[in-house]
Amino acid sequence: MKKHHRPRRESPLATGKLSVGASVEVEVERIVPGGAGLAYADGYTFFVTLAAPGDRVRARVERVRGKVAFATVAEIITPSPARVEPPCPYFGRCGGCDFQQLTYEAQLQAKVEIIRDCLRRIARRDPPAEITITPSPAVWRYRSRARWQHDPVRQFLGYYELASHRVCDVAECPVVLPEVQAGLSRLRATLADGEFDETEEFQAVAGDDGVSLLPPLAEEDARERFRDLAGERYRFDADCFFQINHALLEPLLAEALKDASGETALDLYCGVGLFTLPLARRFARVTAVEGNAAATRFAHLNLARAGLTNASVHTARVGEWLAAHARRLAPVDFLLLDPPRAGAEPEALAGILALRPRRIAYVSCDPATLARDLRALFDAGYTLDSLRAFDMFPQTHHVETVVHLTAAAVKT
Ligand SMILES: C[S@@+](CC[C@H](N)C(=O)[O-])C[C@H]1O[C@@H](n2cnc3c(N)ncnc32)[C@H](O)[C@@H]1O
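Those letters in the sequence shown? Residues 53 to 464, by my numbering.
Have a look at this one:
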């Protein structure tokens, strides 16, 4: 009798070429910048989303670029000890969180590894032997701001789905503060009644005195909010940036300012003046620059209410403003910059280097752009005094870092 041989199922890598849709067994080594898990198999580097370090998974290839494969977890073969069951029912689809699969300890460790990786690969410096990360006092229900997308056709309201511009319909978000959740529920009810049909994006912000929405649903939603912090009162509204994890702001402020004091300080990307007010108490003259006019209006107001008259606030792009004014500011004792995720624009870095402040405090929410900018500052002769991380964004790969630098020539 003729024996039938089943055709052998070839490994997707046996041919040496990996295609979209293939599934490959890999072991995740660690979490890398961007939050994906890093793995290697047969000459390919895999970036696996929503993975845990130590996971053995069957990874489904979603995209291939050269010898790099971007993959999702199709099956967990052996879970990492760092893996937990993500509590949010939207996790995996919603693009808001990408670390819920990790224990909190593993989240903190991954963030420190991400900072190390960026310093090594991008800034080309050996990272400090120890990097301290301050954990968030609350790892759920901590976010005081949210941006929700509205799909009027499908009547969905929530965050964008992972790596897409489709809206994930979210009724309950476990990382926002209860009052922000109440805003989301109220918004959903209003949208269900057919109001705000055309609006595509809503923003919510909470202060000590309640939550505001933009666009507002009621008169109360249009009100400015305030937050009392380290002896100062900060006013803001949903139209301008204010840090999202209020419980970590006092230690963040203390680390960013340390013992700074003197004649002149510069606060770049100042927002509503979070650092400008305490700087104005420590320096004879403070100059602050911010691009959003809504934020500078509050910065002026916050300084005026605090009775601080030694700070000037300018509405401008930092790079352009420095190009025009850097020369007349020198010498600057202390420069603090807290740019958006994109980091300092090239003209801003050029302006900072032209000014050559004695000390720089760089507050960053993106380790990759921080490392890029640090490289330029190191190359120009700045040395690293300290680096500390703050977990402002639990359940996500994002992390806040505060770095202090000194101009080499004046280092004592
Ligand atoms: C991370 S926030 C920091 C704000 C403030 N330091 C704080 O902690 O509340 C970055 C700020 O930079 C502003 N911004 C972004 N790009 C800018 C640019 N090119 N020039 C000036 N301001 C900019 C944003 O409007 C935002 O207020």
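A virtual CB, placed ideally from N, CA and C, is assigned to each residue, including glycine. Since the model is a prediction, treat every value here as computed from it, not as a measurement.
Mind checking which residues open and close the alpha helix (DSSP H) that includes residue i?
i, result
"residue 430", "419-431"
"residue 352", "345-357"
"residue 269", "Per DSSP, residue 269 belongs to no alpha helix (DSSP H) and is neither H nor E."
"residue 302", "301-309"
Could you give the first and the last residue of the continuous beta strand (DSSP E) run that contains residue i?
i, result
"residue 437", "434-442"
"residue 253", "253-259"
"residue 93", "89-93"
"residue 77", "75-79"
Measure the Cβ-Cβ separation of residue i and residue j and say whether it is below 7 Å.
i, j, result
"residue 327", "residue 426", "no"
"residue 442", "residue 186", "yes"
"residue 264", "residue 290", "yes"
"residue 384", "residue 318", "yes"
"residue 278", "residue 262", "no"
"residue 331", "residue 338", "yes"
"residue 170", "residue 420", "yes"
"residue 269", "residue 242", "yes"
"residue 113", "residue 74", "yes"
"residue 336", "residue 322", "no"
"residue 355", "residue 188", "no"
"residue 449", "residue 99", "no"
For residue i, count the other beta carbons within 10 Å of its own beta carbon; 16 or more makes it buried, fewer makes it exposed. Which is it?
i, result
"residue 361", "exposed"
"residue 216", "exposed"
"residue 390", "buried"
"residue 403", "buried"
"residue 94", "exposed"
"residue 69", "exposed"
"residue 287", "buried"
"residue 271", "exposed"
"residue 348", "buried"
"residue 324", "buried"
"residue 434", "buried"
"residue 452", "buried"
"residue 163", "buried"
"residue 398", "exposed"
"residue 211", "buried"
"residue 400", "buried"
"residue 454", "buried"
"residue 284", "buried"
From the DSSP secondary-structure annotation, give me the bridge partner or partners of residue i.
i, result
"residue 316", "337"
"residue 416", "453"
"residue 125", "111"
"residue 386", "317 and 411"
"residue 366", "341"
"residue 146", "143 and 213"
"residue 280", "285"
"residue 98", "91 and 121"
"residue 459", "434"
"residue 154", "135"
"residue 82", "90"
"residue 262", "259"
Return yes when at least one heavy atom of ligand 2 lies under 6 Å from the C-beta of residue i, else no.
i, result
"residue 293", "Although ligand 2 was asked about, the structure shown includes only ligand 1 as ligands."
Could you pull out every unbroken beta strand (DSSP E) segment of at least 3 residues lying fully inside the segment 167-232, listed in chain order?
-> Runs of the beta strand (DSSP E) inside the segment 167-232: 184-186, 197-203, 208-212 and 219-221.
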